[in-house]
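Take the sequence shown: its position 2, counted from the start at 1, is 107 in the numbering used here, and no numbers get skipped.
One structure below.
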Amino acid sequence: NPAFWNQKAAKTLNATKKLQPFQTSAKDLIIFLGDGNDGKSWYRRRKVGKNVPWGSGGKSQKVKD
Numbered sequence: 106n107p108a109f110w111n112q113k114a115a116k117t118l119n120a121t122k123k124l125q126p127f128q129t130s131a132k133d134l135i136i137f138l139g140d141g142n143d144g145k146s147w148y149r150r151r152k153v154g155k156n157v158p159w160g161s162g163g164k165s166q167k168v169k170d
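Below is the structure:
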């Protein structure tokens, strides 16, 4: 029934319009640094050697003629 959903949306919109923004600022700041990889990812990448310059895998240790 479209009327039901229209009424529900109107109630939600009116409730949202009555909200006030926060007047205080945040006191704690958490910063996450890193590339998102854990130790296992590093190990796998080194073993497989996905052309990573710091890896010790086969592809990164190519010998030139």
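Here a beta-carbon is modelled for each residue, glycine too, at the ideal position from N, C-alpha and C.
Remember, predicted model here, so these are calculated numbers, not experimental data.
For Leu118, the three-state secondary structure derived from DSSP is helix. In the displayed model, Ser146 falls within a helix according to three-state DSSP. The three-state secondary structure of Ala108, taken from DSSP, is helix.
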